[in-house]
Amino acid sequence: MNELVFLFSLLLFSLHFCVFVCFFCLFMAWSAVLVKKKREMVHRRNGQAW
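Residue numbers for the sequence shown follow our numbering, so the first one is 241 and each next one is one higher.
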């Protein structure tokens with residue numbers, strides 16, 4: 241019984257960890273895309289100004 245509870249909690253922890261890692265990767269990719277778009281907009285604006 242004790243081992244079963246331990247295994248279940250371990251499984252739950254690993255599941256939460258995987259979800260956290262997935263969300264972290266998605267957030268990093270999203271922020272990278274935003275930064276890239278912002279840089280492109282700035283470059284375009286600078287090009288128009290010149």
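All residues carry an ideal CB built from backbone N, CA and C; glycine is no exception.
Suppose you measure from the CA of residue i to the CA of residue j; what does that come to, to the nearest Å?
| i | j | result |
| --- | --- | --- |
| C262 | F253 | 14 Å |
| K277 | F267 | 15 Å |
| V259 | A269 | 15 Å |
| L274 | L255 | 29 Å |
For residue i, collect the residues of the same chain with a Cβ closer than 7 Å to its Cβ; drop the 5 residues on either side in sequence, then sort them by chain order.
| i | result |
| --- | --- |
| L247 | none |
| V245 | none |
For residue i, which residues in the same chain have their Cβ closer than 6 Å to its Cβ, ignoring the five residues on either side in sequence?
| i | result |
| --- | --- |
| M281 | none |
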